[in-house]
Structures are given as structure tokens and as C-alpha cells.
Amino acid sequence: MPGELWWKAGTVYQVYPRSFQDSNGDGVGDLKGITARLDYLAWLGVDAVWLSPVCRSPMADHGYDVSDYCDIDPLFGTLSDFDRFVAEAHRHRLKVIMDFVPNHSSVEHPWFQESRSSRDNPKRDWYIWRSPKPDGSPPNNWVSNFGGPAWTLDPATGQSYYHAFLKEQPDLNWRNPEVRRAMLDVLRFWLDRGVDGFRVDVIWHLIKDEALRDNPPNPDYVPGDAEINSLTPLYSADQPEVMEVIAEMRALLDGYDERVLIGEIYLPLERLMAYYGVDLSGAHLPFNFQLILTRWHAETIAALVAEYEAALPPGGWPNWVLGNHDQPRIAARVGAAQARVAAVLLLTLRGTPTLYYGDEIGLAQVPIPPERARDPWEQNEPGRGRDPARTPMQWDSSPNAGFSSAEPWLPLDPHAANCNVETLRDDPGSILTLYRRLLGLRREHAALSLGAYRAVSVENDVFVYEREHADEVLRILLNFGHAACSVPLPAGSGWRVLLSSSGSRIGERPADGHLALAGDEALVLLRERPASDSAQLHLG
Ligand code: NOJ
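If you want it as C-alpha cells, here you go:
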């Protein structure tokens with residue numbers, strides 16, 4: 001949209017690099033592979049590519065454990081492969097968003113190696129070290145997000161280090177100004193290479209309570225739920241001082257042209273809003289995961305949209321996410337039919353949408369036999385692993401779905417022969433065609449990308465809202481139910497179907513007053529006559 005910031009008008013597409021395209025036949029995706037698929041992303045019609053981590057890493061958590069923040073892991077290629085990827089993405093008019101993982105490094109990072117070497121090492125305070133309690137128990141009761149203790153005793157110095165995730169992922173001490181400076185240098189390194197923004201991993205975790213007080217028990221904990229939920233994270237995350245750190249990152253980005261800061265934040269809405277920062281000095285886009293966390297039902301989703309819109313700070317730009325590499329796939333959560341409704345919702349709500357690779361072909365949760373599990377969380381807490389949502393992208397119906405010439409690192413979806421880009425791209429009724437049409441519509445109609453949002457109704461499983469910009473009004477109707485129904489329409493407005501989730505009704509002009517909606521159907525209508533004309537027509 002000319003004149004508008006790209007990260008407001010555009011859409012973000014998340015690539016999990018291990019699983020997008022392998023170029024060197026090792027069964028794992030890489031940068032050259034992603035570069036070769038940029039034509040596809042441009043064809044699809046997204047505006048930015050967010051890459052999950054590609055920095056050097058021993059891969060204990062598949063790249064979310066960085067051992068060199070200023071280099072590319074050989075599994076994915078080289079710095080020059082990365083530079084070429086950025087240049088090619090830009091040539092395709094695609095922005096590049098990197099995943100920045102500042103809360104913790106790898107144990108193999110030289111900073112941690114130094115830090116652990118002695119209690120008086122100059123980098124000791126770059127991480128969070130404490131002595132065990134006199135009885136030998138850990139310094140506090142915090143637990144790891146992946147289950148088990150969040151403290152690991154390092155016999156060399158007799159102290160324990162804190163890790164919110166794996167013991168291979170020690171938390172950095174963001175209260176230390178040297179850490180902050182070093183990390184801002186990392187951001188500068190990538191910004192100078194032309195990166196257009198960052199998705200900051202667990203940004204709400206960066207600062208912990210100074211006294212590292214025990215977290216209180218969670219009164220709502222249901223035994224059997226993930227161990228991390230047994231405590232309320234009152235002291236281990238979301239501390240007020242984190243806002244200063246984020247404002248520092250933001251100030252650095254503001255020194256460049258149109259770069260974006262996205263924060264990964266799993267917090268309730270009222271806390272999430274704090275991450276826009278005072279006078280919007282924080283993240284441009286604190287990720288809004290509410291569509292992942294809210295029950296899939298017309299009334300609850302309508303209430304969520306109203307609540308989110310009302311909670312936004314003045315000038316704060318909304319955003320919506322349906323899935324990512326940490327969450328079960330949308331097609332599995334709501335079913336194949338509703339996944340189309342979800343696509344229409346994601347791409348017609350007000351705010352920047354983030355798409356997760358593979359959702360556009362309807363990829364589901366892929367069954368992973370225990371012996372092929374790769375997510376370390378699965379080892380710690382069986383059944384919680386995220387592998388089923390991280391399987392290779394399916395490009396065609398060849399044996400490895402066009403992803404690799406070798407056996408892929410995770411199994412393919414058993415339906416890959418039908419569920420792939422090549423098969424779906426020319427099918428007018430496919431989910432891929434639906435995504436592409438939606439992305440096209442967002443570019444054609446400013447009402448969708450930038451327009452105002454107005455809720456119209458929620459009745460009988462159908463959620464209706466409008467988007468409006470200048471003279472243009474689009475009405476979106478989403479049937480969250482499986483039964484057909486009839487939805488009232490303002491008579492005489494001259495509605496025309498711009499898009500339908502089934503692909504079959506485009507161009508239809510519904511007869512006056514009512515519209516028949518099939519079960520699981522979503523429509524985008526364009527009002528062809530302004531309201532005043534329609535009133536006259538109606539009278540006449
Ligand atoms: C959030 C990331 O999205 C997830 O994949 C990772 O395991 C943790 N942060 C730790 O970095």
C-alpha cells in the first residue's frame with residue numbers, strides 16, 4: 001500500500017528453516033532452499049518472511065540455543081548464503097525478519113564458557129548464577145518451560161545457573177549493561193546486513209525479579225498439565241524493567257529505515273498491551289496469540305476481537321496469528337473445513353496477519369513415531385512435543401514431496417501426495433487458492449489491510465463484521481458451524497461476493513435482504529452502492 005508502513009499493510013509468513021526446502025540432500029532445509037522458493041512466496045502474495053533461527057547453534061532446541069549470534073549455522077549455509085537470501089528476497093519485494101533469541105544462549109556460547117569458568121570471571125554476571133540453598137536444593141522453586149528444574153548445578157564452581165528452558169539454554173542476565181550492549185551490537189550486525197526486522201524470542205522473559213523470589217503455586221493447576229503451569233510466573237517473567245530493555249532495542253531500530261520489532265509474548269491481553277510501550281516506544285507488534293488460545297466458536301471469537309480492539313493503546317497496530325512452530329496446527333485444532341474459515345478470519349481482521357508455513361496447504365498435525373521424535377520437550381514430557389507441527393513443507397507428489405532428495409528429518413504427512421503445492425495451486429476450490437485469493441484481496445482493497453473494523457452481529461454460529469476505508473465497505477461473514485443458515489443483509493446495498501471459502505460463489509450478487517450461507521462457509525462481500533443510495537433504492 002503506497003505510503004503505508006509495510007509491516008502494517010503487509011502479511012508475514014513464518015518459515016521454519018529446517019522444514020521448508022533442502023538444497024543439499026541432507027534431509028534438512030537450508031537457506032539456499034528457502035531462496036529457491038522465494039518465487040512461490042511472491043506468487044502466494046505475502047510481504048515478509050520470518051525465519052526461525054538460523055544462527056550458529058548446537059541445535060539442542062533447533063536453533064533457539066545460539067552459540068554465535070553473528071554467524072549462520074553450517075546446517076543452513078553460510079553468511080554469504082544469507083546475504084544472497086536477503087538480496088533475493090528484496091528483489092522479490094519480500095522483507096526479511098530474523099528470529100532474535102536474546103533471553104538465553106547455548107551452553108556452548110563463548111560467553112557462557114567464560115562465565116562458567118570461575119566465580120570471578122568478568123563474564124560471570126552475564127548469566128544468572130546462585131549458590132544452592134544450605135540444604136543443597138536449588139536457589140528457588142522455578143521450573144523449566146520444558147519440565148524439570150530450571151537450575152543446573154555446575155560442579156566446577158559449586159553454583160547453579162538458571163535456564164527457563166533446557167539446561168543447554170542458560171538465561172543471560174539482562175540486568176547487566178554489558179549484556180545489553182553486546183546484544184544491541186548483534187542487532188546492529190544484522191540490521192547493517194539489510195534485515196528488515198526481528199521477532200524477539202520470549203521477550204517478556206528477559207528480566208527476572210531481582211531477588212529471584214519463589215513463584216507462587218498456581219491455584220488453577222490441573223495435575224497432568226505441563227509442569228511449568230504448576231506455578232504462577234509472578235517473578236520469573238513480565239517484570240516492569242523489561243520495558244526499558246525493549247525501548248532500547250526499539251530506539252536502535254528507529255535509527256534505521258522502517259524496521260520492525262515483533263515480540264513473542266504469551267500473556268493475557270491487559271498485560272500484552274504493556275508491550276507496545278509508553279507512547280508506543282516498545283514492540284511495534286507484540287504478537288497476539290489469542291486466536292490460538294481461544295475456543296473456536298463464533299461468540300467467543302467475536303468477543304475476543306472486541307476485547308482486543310478495545311484494549312489496544314491509541315495508535316497501537318493490531319496483529320493476529322493462527323499458528324506457529326510451538327502450537328498444534330490450525331487444521332488439526334479446528335478441522336479442515338473450519339481451517340478455511342480461519343484463513344478468512346486471519347486475513348480479514350484489522351491488523352498484520354502472520355501465517356505459518358504449510359497452513360496454506362492445510363497441513364495437519366503429522367503423526368511422529370516415538371523413535372523419530374526430535375523435539376527435546378518430547379523427551380522431557382512425552383506428548384508435549386512440537387514435532388507434529390514442524391514437518392517438511394509439501395511441494396509436489398514426488399516421494400519426499402519435493403522437499404529433499406533424502407529422507408526428511410521429520411516424517412511427511414501421510415497425505416502428502418494430495419496435500420502439496422503442485423496439486424493444489426491450480427485447483428480453484430483448494431485451500432491454497434483461498435489463501436492466495438485472500439492475500440490478493442488484501443492488496444487490492446485497502447479496506448482489508450488498513451480499513452476500520454466494525455462488528456455487525458454474531459448469531460447462530462455466524463460472526464459478521466465490516467471493514468471500511470474511504471468509500472469502500474467490505475462485509476465478512478463467517479459460519480463457525482457446520483449447518484447451513486440464512487444471514488440478514490442490508491437490502492439494496494448491491495452486495496457482490498468477492499471471495500468465498502469454497503471458491504464457488506465469486507461474483508454472485510445475493511438477492512435482497514438475505515444471504516444463504518453453507519455450513520463452514522465464509523464470504524467476503526463488497527458493497528457496491530453507498531448506504532445513502534441504497535436507502536433511496538430501498539424506498540424507491
Ligand atoms: C520460544 C520459541 O518459539 C520456542 O520454539 C523455543 O523452544 C523457546 N522460545 C525457547 O527459545
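Each step along the sequence shown adds one to the number in UniProt numbering, with nothing skipped, and position 107 is 107. Ideal Cβ positions, reconstructed from N, Cα and C, are used throughout, including at glycine.
Would DSSP call K32 helix, strand or coil?
Working through the sequence shown from its first residue, we reach residue 32 at position 32. DSSP places K32 in helix when its eight states are reduced to three.
Is F165 near the ligand NOJ, going by C-beta to nearest heavy atom under 6 Å?
Sequence index remark: in the sequence shown, residue 165 carries index 165 (1-based). True, at least one ligand heavy atom lies under 6 Å from that Cβ.
For the ligand NOJ, I want to know if V344 counts as a neighbour, meaning its beta carbon is within less than 6 Å of at least one of the ligand's heavy atoms.
Locating residue 344 in the sequence shown gives position 344, counting from the first residue. Incorrect: V344 has no Cβ contact closer than 6 Å to the ligand NOJ.
Per DSSP, what kind of secondary structure is T157 in: helix, strand or coil?
As a working mapping, residue 157 is identified with position 157 in the sequence shown. DSSP places T157 in coil when its eight states are reduced to three.
Could you give the residue range of the alpha helix (DSSP H) that holds I97?
Start at 1 with the first residue of the sequence shown, and residue 97 comes out as number 97. First-last for I97: K95 to F100, but that is the beta strand (DSSP E), not the alpha helix (DSSP H).
Contact the segment 337-356 vs the segment 375-387: 3+ CB pairs below 8 Å:
no
In DSSP terms, what G263 is bridged to:
As a working note, residue 263 is residue 263 in the sequence shown. V200 and P286.
Take the Cβ of F112 as the centre, count every other Cβ of all protein chains shown within 10 Å, and call the residue buried at 16 or more, exposed below.
As a first step, residue 112 must be located in the sequence shown, where it is residue number 112. Looking at its Cβ environment, which holds 16 or more other Cβ atoms inside 10 Å, F112 is buried.
What is the rounded straight-line gap between the Cα of A535 and the Cα of G492?
As a first step, residue 535 is located in the sequence shown; it is residue number 535 there, counting from the start. As a first step, residue 492 is located in the sequence shown; it is residue number 492 there, counting from the start. For A535, the pLDDT reaches just 41, beneath the cut-off of 50, and the residue's location in the model is therefore unreliable, although a value from the coordinates is still provided. Cα-Cα distance, rounded: 7 Å.
So, does the CB of P353 fall closer than 7 Å to a CB anywhere in chain B?
Any reference to chain B falls outside this structure, which holds one protein chain only.
Residue environment, P353, which counts as buried when at least 16 other CB atoms sit within 10 Å:
The residue labelled residue 353 in the question sits at position 353 within the sequence shown. With 16 or more other Cβ atoms within 10 Å, it is buried.
Bridge partners of L44, per DSSP?
For the purposes of this step, residue 44 is taken as the residue at position 44 of the sequence shown. Bridge partners of L44: none, in fact.
With L477 as the anchor, note down where its beta strand (DSSP E) starts and where it stops.
In the sequence shown, the residue the question calls residue 477 occupies position 477. Run containing L477: E472 to N479, per the beta strand (DSSP E) assignment.
Run through DSSP, which three-state label would Y16 get?
Translated into the one-based positions of the sequence shown, residue 16 becomes position 16. Three-state DSSP puts Y16 in coil, outside helix and strand.
Excluding sequence positions up to five away, which residues of its chain have a Cβ less than 6 Å from the Cβ of L304?
Translated into positions along the sequence shown, residue 304 becomes position 304. The answer, listed in chain order, is Q290 and T294.
Measuring only from the beta carbon, is Y275 closer than 6 Å to any heavy atom that is part of the ligand NOJ?
Looking up residue 275 in the sequence shown gives position 275. For the ligand NOJ, not one heavy atom lies less than 6 Å from the Cβ of Y275.
Can you check whether the CB of D171 is closer than 7 Å to the CB of V96?
Here the question's residue 96 lines up with position 96 in the sequence shown. Here the question's residue 171 lines up with position 171 in the sequence shown. No. Outside cutoff.
Helix, strand or coil: how does DSSP classify I368 here?
Taking the sequence shown and counting its residues from 1, the one referred to as residue 368 is at position 368. Three-state DSSP puts I368 in coil, outside helix and strand.
Measuring only from the beta carbon, is Y64 closer than 6 Å to any heavy atom that is part of the ligand NOJ?
For the purposes of this step, residue 64 is taken as residue 64 along the sequence shown, with counting starting at 1. The answer is yes for Y64.
Output needed for G282: all residues of its chain with C-beta closer than 7 Å, excluding positions within five of it in sequence on either side, in chain order.
Mapped onto the sequence shown, residue 282 falls at position 282. Result list for G282: M243, I246, A247, R250, Y275 and Y276, in chain order.
Sort E270, R340, D39 and N229 by Cα distance to P313 and report the nearest one.
Here residue 313 corresponds to residue number 313 of the sequence shown, with the count starting at 1. It is E270.
Counted within 10 angstroms of its Cβ, other Cβ atoms place K133 as buried (16 or more) or exposed
Counting from 1 along the sequence shown, the entry for residue 133 is found at position 133. With fewer than 16 Cβ atoms within 10 Å of its Cβ, K133 is classed as exposed.
Cβ pair count under 8 Å reaching 3, the segment 386-396 against the segment 416-431:
yes
Continuous beta strand (DSSP E) stretch holding R496: start and end:
Taking the sequence shown and counting its residues from 1, the one referred to as residue 496 is at position 496. R496 -> beta strand (DSSP E) spans W495 to S500.
Identify whether T391 lies in helix, strand or coil by the three-state DSSP scheme.
The residue given as residue 391 occupies position 391 in the sequence shown. DSSP places T391 in coil when its eight states are reduced to three.
If you count every other CB in all the chains shown that lies within 10 Å of the CB of V12, and 16 or more means buried, which is it?
Sequence index remark: in the sequence shown, residue 12 carries index 12 (1-based). Buried: at least 16 other Cβ atoms inside 10 Å.
With which residues is E466 paired in a DSSP beta bridge?
Position 466 of the sequence shown, counted from the first residue, corresponds to residue 466. In DSSP, E466 forms a bridge with R454 and R475.
Let me check understanding here. Comparing Cα to Cα, which of D471, G494 and Y465 lies closest to L523?
Mapped onto the sequence shown, residue 523 falls at position 523. Nearest of D471, G494 and Y465 to L523, Cα basis: Y465.
Is any heavy atom in the ligand NOJ found nearer than 6 Å to the beta carbon of V462?
On the sequence shown, position 462 is the one that residue 462 refers to. No, the ligand NOJ has no heavy atom inside 6 Å of this Cβ.
Ordered along the chain, which non-local residues of its own chain (more than five positions away) have a Cβ less than 7 Å from that of V107?
Counting from 1 along the sequence shown, the entry for residue 107 is found at position 107. Once the five neighbours on either side are set aside, the close Cβ partners of V107 are E168 and P170.
Does the distance between the C-beta of D39 and the nearest non-hydrogen atom of the ligand NOJ fall short of 6 Å?
Taking the sequence shown and counting its residues from 1, the one referred to as residue 39 is at position 39. No.
Name the residue from I262, D154 and W6 whose alpha carbon lies nearest to the alpha carbon of L94.
Here the question's residue 94 lines up with position 94 in the sequence shown. With distances taken between Cα atoms, L94 lies closest to W6.
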